[in-house]
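Undergrad: As given, the protein sequences belong to chains A and B, one line each in that order. Heads up: the first sequence is residues 1 to 482, going by our numbering. Heads up: the second sequence is residues 1001 to 1400, going by our numbering.
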Amino acid sequence: MTGILSYGVHLPVLRLSRAQILAAHGWYNPALAPLATGERAICNWDEDALTMAVEAARAALTGGDHGGIARVLLASTSLPYVERSGSAVLCEALGLETRVMPLDAGGSTRAGVATLLTALQLDAASGATLCVASDDRPARPASAQEMLFGAGAAAFVVGRGEAIATLRAVHSRTADFVDRLRAPTAHYGFQWEERWIRDGGHLGLLPETALELLGQQRLTGADIQHLVLPLAQPQAARAVAKRIGVPAECVVDTLYERSGDLGAALSSWLLVAALEKARPGERLLVCGFGQGCDALLLEATDALPRVRTQMTGVAAALARRHAETNYMRYLVGSRQLDVEAGIRGEAQRPTAPSVAWRERRTVLGFQGGRCRRCGTVQFPAGAICVDPACKAHGDMEPVGFAGRRGRILNCTADHLAASLRPPVHYGMVEFEGGGRVLLEFADTDAQPPQAGMAVRMVFRLRRVDPVRQWRDYFWKATGVGA
Amino acid sequence: MNGGIRDRVAIVGMGCSRFGERWDASATQLMQEAFAECLDDAGLGADEIDAAWLGSCVEDLHVGRSGIPLAMALRLGNVPVTRVENFCATGTEAFRGAVYAVAAGASRIALAMGVEKLKDTGYGGLPEFSFGAEADLWWPNLTAPGTFALLADGYAARHGVAPRDLRRAMAHVSVKSHANGLLSPKAHIRRAVTEQQVIDAPVIAAPLGLYDCCGVSDGAACAIVTTPEIARSLVAARRDVVLVKAIQIAASNGAEAGCGGWDASHFVTTRVAAARAYAEAGVRDPAADVDVAEVHDCFSITELVTMEDLGFAQPGRAVHDVLDGAFDAAGRLPCQIDGGLKCFGHPIGASGLRMLYELHAQLLGRAGERQLARVDLGLAHNLGGFPFQNVCSVTLLGRA
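1) With H, G and I counted as helix, E and B as strand and the rest as coil, what does DSSP make of residue 477 (chain A)?
2) Alpha carbon to alpha carbon, what distance is there between residue 1 (chain A) and residue 163 (chain A)?
3) Taking the DSSP output, what are the residues bridged to residue 393 (chain A)?
4) Mind checking residue 436 (chain A): buried by the 16 CB within 10 Å criterion, or exposed?
5) Report the option in B:1008, B:1287 and B:1258 whose CA atom is closest to the CA atom of residue 1105 (chain B).
6) Are residue 1341 (chain B) and residue 1297 (chain B) close, meaning C-beta to C-beta below 8 Å?
7) Could you tell me the distance, in whole angstroms, from the CA atom of residue 202 (chain A) to the CA atom of residue 148 (chain A)?
8) Check the Cβ-Cβ distances between residue 1249 (chain B) and every residue of chain A, and say whether any is below 8 Å.
9) Put residue 195 (chain A) into one of helix, strand or coil per three-state DSSP.
10) Using a threshold of 8 Å, state whether the C-beta atoms of residue 1244 (chain B) and residue 1360 (chain B) are closer than that.
11) Could you name the residues of the same chain whose beta carbon sits closer than 6 Å to that of residue 270 (chain A), not counting the 5 residues immediately before and after it, in chain order?
12) Is the Cβ of residue 1023 (chain B) closer than 8 Å to any Cβ of chain A?
13) Determine which residues of the region 1255-1272 of chain B have a Cβ less than 8 Å from any Cβ of chain A, and write them out in chain order.
14) Residue 1163 (chain B) CB to nearest chain A CB: under 8 Å?
15) Does the beta-carbon of residue 1122 (chain B) have 16 or more other beta-carbons within 10 angstroms, so that it is buried, or is it exposed?
16) Does residue 1033 (chain B) come out as helix, strand or coil in the three-state DSSP assignment?
17) Excluding sequence positions up to five away, which residues of its chain have a Cβ less than 6 Å from the Cβ of residue 1350 (chain B)?
18) Just to make sure I have the definition right: I need the residues of chain B whose C-beta is within less than 8 Å of the C-beta of residue 428 (chain A). Which are they?
19) Please name the residue or residues paired with residue 162 (chain A) in a DSSP beta bridge.
20) If you count every other CB in all the chains shown that lies within 10 Å of the CB of residue 1119 (chain B), and 16 or more means buried, which is it?
21) Helix, strand or coil for residue 1074 (chain B) per DSSP?
22) Contact criterion: CB-CB distance below 8 Å. Does residue 411 (chain A) meet it with respect to chain B?
23) Is the CB-CB distance between residue 60 (chain A) and residue 156 (chain A) below 8 Å?
24) Can you name the residues of chain B whose CB is closer than 8 Å to the CB of residue 247 (chain A)?
25) Out of B:1358, B:1135 and B:1376, which one is the CA nearest neighbour of residue 1368 (chain B)?
26) So, under 8 Å CB-CB, residue 1086 (chain B) and residue 1391 (chain B) are touching, yes? Tell me the CB distance rounded to an integer number of Å.
27) For residue 1160 (chain B), which residues in chain A fall below 8 Å Cβ to Cβ?
28) Does residue 354 (chain A) pass the burial test, meaning 16 or more other C-beta atoms within 10 Å, or should it be called exposed?
29) Considering only the alpha carbon of each residue, which of B:1299, B:1145, B:1167 and B:1260 lies closest to residue 1319 (chain B)?
30) In the DSSP assignment, find the alpha helix (DSSP H) that holds residue 1342 (chain B) and state where it starts and stops.
31) Is residue 28 (chain A) helix, strand or coil by DSSP?
32) Find the residues of chain B that neighbour residue 363 (chain A), judging by a C-beta separation of less than 9 Å, and give them in chain order.
33) Could you tell me which residues DSSP puts in a beta bridge with residue 414 (chain A)?
34) How would you call residue 1216 (chain B), buried or exposed, if buried means at least 16 neighbouring beta carbons within 10 angstroms?
35) Taking 8 Å as the CB-CB limit, is residue 421 (chain A) close to chain E?
36) With C-beta atoms as the reference, is residue 93 (chain A) less than 8 Å away from residue 132 (chain A)?
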């Protein structure tokens, strides 16, 4: 059966309470007060749309049997590059085969649902499609968007196999309805009056598209058990549901108070939340919005309850949280406040793309080696075995480190190293099954590293070259409980 | 080790600039300052030098590349000048080049100069530099104090030392070196500190605080070496002749960081270099035979574990020996009698030669207020790089 085979999500561990934002900006923009409930997910300094996409994709790939990924579709409006394919980086990080076809989709927050819709309509005989949506949209301090937006990612594997949800119908409308725009050179977007966006878009185009789809299927809103809307605020979602005729209790919780508006990833994120609860045979209506609307009618299969026990989703991601208690740390970490980094912070070691290319399997793929002669697992893998008792030449087989757990042998908190979130934590990690690597630790506030602690690997940003905007990515260790 | 070079090379003169934040002097001037003293000590003219080695580590900050800056600074007579770099063992590496040239019979009188001018970076701590194009892509955003701080976890775990006891012993290492530095006129830092001050200092890289870290300094030091015969003809009327008893260098091959076994409680290379140096010099019991040591105390924890790696303390006993004052000026094996890297300062390329300068002075009985009662054999130790990947040098000097 063709359909969604598995899902995965990623939400950054850091949460910023909206009361903090109001405390910082309420003097300037008191109109923020009604939005200031709950918390939103924020990226740590070393996360971006790409690193979140990798984590969500890794989660999706661990569940279900897809028989080989043929395509990777990455939807986002906040990928770090306009040129340099994010999905190609994603493929390297996931260790996918080089014959995979990667494609970035952006241009509008609609891209998330649009790529899923595309994947579901492709001929699954040619292989499975990995569909990832990830967004961390910049929002100007003291704007409503700073309150609304969140950061996160969701991924699906779509293909032939034991599907958990299948496609019943799709319907799209296209319209140059400009609620928001952001030029490539602009850091922040521009937004028209929210009342017009609500009346013309959210209460206009969106329910119209959904009703057209239902009409074509001779269904009504009452036939929908899970309505996924690309809206962060619950009252807005309720109003749209009413237009479509879906009972209020069938509107999937927008999680406004826990994660926020994840942009291109919002509908995908909420679809995973719906799939975590849906029963076989139930209908899910999923909408994407942005210069038009896509509506997607899915049906949960009999396999869903069994397959989802092997996957982690929204509930686990929401439970994995650490409160950011300092709004200024958020501003610095998101590179919106240019703090004095000191002269040490100016030191630059530009990366040569030719070196990055040669080392891509080591760096992006976190691939080491195992000596066929003596069995020593090592990183990085060289031509000569690192074990002084072996030193065999040219007898190394590749070994992935990213998927393995490890234990911290030693660690420090370094206040001298220049960082957007000092101190820098690092130390030696010993891996299950052998091998050791000196690694940085990520999300250390959530679970401070200490010797003996169990860790897992996460794909993270190492540094950004301020001149060339080159981003170095590598893997870091984080507590398995973080 | 093919027989070694024990007693085949003599030091005929040494010089050392004042160390510190030498805003007043360029690297060239620092070299000239050290060289003037060295020539005077040897009773030689610069034209008698027939080969020279220049050691500098972060050359982009000061002298630039090649051996030319040394030839230019000292107006040497178009002799071969070789620039060497080997992290914090750079100064010793320069000395090794000169010593081996004399031992090989290729050079009659050779100069080794080490220099570093670190205070033109504009920030504290060692300069930022590349670890190589590949390592730069995946190594952590690390610093020297951070990587050496990792030893504390490793040592405590290996020997079951309570963090509080280790903290106190590390503090004592620094208190001792500050006390010694007070008596060193050329030292960078000449100020006594208390154990509590060390413990209460701002944290640099946990558990290392400010006073666990050595000075980052400008300075130069040099040696002129020759055969024992020539040395006797030059200085025998005035003083003893100091001979090189051993000089060994060991470099990591990746095993510490690359495969299991090493627990970050010690330095693999130090043990190897020390064993080779003791064999070369014929030392059987280093704790008894070595009278004074200048070890690479870049951080307090480094010195502490090095006491065991060099055989000065039994495994797991360094904490107790340090706290008992074994390595204090009045202890059984005084270490860092001139203040060490901690207080004399650490201009990377000069440090190895600065250590030899102090050993030379102690062996000749001219260390002034710092002079120890009985010095027949002195040891200098450098550790360049990081605990998990480094180069170590061990040098032994004694009288003829």
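Each residue gets a CB set at the ideal place from its N, CA and C atoms; glycine is no exception.
TA: In terms of the structure at hand:
1) Position 477 of the first sequence, counting from 1, holds the residue named residue 477 (chain A). Strand.
2) For the purposes of this step, residue 163 (chain A) is identified with residue 163 of the first sequence, where counting begins at 1. For the purposes of this step, residue 1 (chain A) is identified with residue 1 of the first sequence, where counting begins at 1. Computed Cα separation, rounded: 6 Å.
3) By 1-based counting over the first sequence, the position of residue 393 (chain A) is 393. Partner(s): A:384.
4) Taking the first sequence and counting its residues from 1, the one referred to as residue 436 (chain A) is at position 436. Burial call: buried.
5) Here residue 1105 (chain B) is taken as the residue at index 105 of the second sequence, counted from 1. It is B:1008.
6) Position 341 of the second sequence, counting from 1, holds the residue named residue 1341 (chain B). Position 297 of the second sequence, counting from 1, holds the residue named residue 1297 (chain B). Result yes, Cβ atoms of residue 1341 (chain B) and residue 1297 (chain B) sit closer than 8 Å.
7) What you label residue 202 (chain A) is simply residue 202 of the first sequence in a count that begins at 1. What you label residue 148 (chain A) is simply residue 148 of the first sequence in a count that begins at 1. C-alpha separation (whole angstroms): 16 Å.
8) For the purposes of this step, residue 1249 (chain B) is taken as the residue at position 249 of the second sequence. Answer no: the Cβ-Cβ gap between residue 1249 (chain B) and chain A never drops below 8 Å.
9) Start at 1 with the first residue of the first sequence, and residue 195 (chain A) comes out as number 195. DSSP places residue 195 (chain A) in helix when its eight states are reduced to three.
10) Counting from 1 along the second sequence, the entry for residue 1244 (chain B) is found at position 244. Counting from 1 along the second sequence, the entry for residue 1360 (chain B) is found at position 360. No, the Cβ-Cβ distance between residue 1244 (chain B) and residue 1360 (chain B) is not below 8 Å.
11) Taking the first residue of the first sequence as position 1, residue 270 (chain A) is located at position 270. Closer than 6 Å at Cβ, skipping near neighbours: 228 and 252.
12) Residue numbering aside, residue 1023 (chain B) sits at position 23 when the second sequence is read from its first letter. No - not a single Cβ of chain A is within 8 Å of the one on residue 1023 (chain B).
13) 1255, 1257, 1258, 1259, 1260, 1263 and 1264
14) Here the question's residue 1163 (chain B) lines up with position 163 in the second sequence. Taking Cβ atoms only, chain A never reaches closer than 8 Å to residue 1163 (chain B), which makes this a no.
15) Reading the second sequence from its first residue, position 122 is the one you call residue 1122 (chain B). It is exposed - the Cβ of residue 1122 (chain B) has fewer than 16 other Cβ atoms within 10 Å.
16) Your numbering for residue 1033 (chain B) matches position 33 in the second sequence. Residue 1033 (chain B): helix per DSSP, three-state reduction.
17) Taking the second sequence and counting its residues from 1, the one referred to as residue 1350 (chain B) is at position 350. Within the same chain, residue 1350 (chain B) has close Cβ partners 1091, 1114, 1115, 1116, 1219, 1220 and 1221.
18) Numbered from 1 along the first sequence, position 428 holds the residue referred to as residue 428 (chain A). What residue 428 (chain A) touches in chain B: 1150, 1257, 1264 and 1388.
19) Within the first sequence, residue 162 (chain A) is the residue found at index 162, counting from 1. Its beta-bridge partners do not exist; DSSP assigns none.
20) The residue given as residue 1119 (chain B) occupies position 119 in the second sequence. Classification for residue 1119 (chain B): buried.
21) The residue given as residue 1074 (chain B) occupies position 74 in the second sequence. Residue state, collapsed to three classes: helix.
22) Taking the first sequence and counting its residues from 1, the one referred to as residue 411 (chain A) is at position 411. Yes, because at least one Cβ of chain B sits closer than 8 Å to the Cβ of residue 411 (chain A).
23) Translated into the one-based positions of the first sequence, residue 60 (chain A) becomes position 60. Translated into the one-based positions of the first sequence, residue 156 (chain A) becomes position 156. Contact: yes.
24) Numbered from its first residue, the first sequence carries residue 247 (chain A) at position 247. Those do not exist, as residue 247 (chain A) stays about 52 Å from chain B at its closest Cβ, beyond 8 Å.
25) Position 368 of the second sequence holds residue 1368 (chain B). Closest option to residue 1368 (chain B), Cα to Cα, is B:1358.
26) Numbered from its first residue, the second sequence carries residue 1086 (chain B) at position 86. Numbered from its first residue, the second sequence carries residue 1391 (chain B) at position 391. Indeed they touch by this definition, with Cβ atoms about 5 Å apart.
27) Counting from one through the second sequence, the residue named residue 1160 (chain B) turns up at place 160. Simply none; closest approach about 13 Å.
28) By 1-based counting over the first sequence, the position of residue 354 (chain A) is 354. Result: exposed.
29) Residue numbering aside, residue 1319 (chain B) sits at position 319 when the second sequence is read from its first letter. The candidate whose alpha carbon is nearest that of residue 1319 (chain B) is B:1167.
30) Translated into the one-based positions of the second sequence, residue 1342 (chain B) becomes position 342. 1340-1343 is the extent of the alpha helix (DSSP H) around residue 1342 (chain B).
31) For this step, residue 28 (chain A) is matched to residue 28 along the first sequence. DSSP places residue 28 (chain A) in coil when its eight states are reduced to three.
32) Residue mapping note: residue 363 (chain A) aligns to position 363 of the first sequence, counting from 1. Neighbours of residue 363 (chain A) on chain B, chain order: 1134, 1137 and 1138.
33) Here residue 414 (chain A) is taken as the residue at index 414 of the first sequence, counted from 1. A:424 and B:1205, per the DSSP bridge assignment.
34) In the second sequence, residue 1216 (chain B) corresponds to position 216, counting from 1. Label assigned to residue 1216 (chain B): buried.
35) Among the protein chains in the structure shown, which are A and B, there is no chain E.
36) Looking up residue 93 (chain A) in the first sequence gives position 93. Looking up residue 132 (chain A) in the first sequence gives position 132. Their beta carbons are not under 8 Å apart, which means residue 93 (chain A) does not touch residue 132 (chain A) by this criterion.
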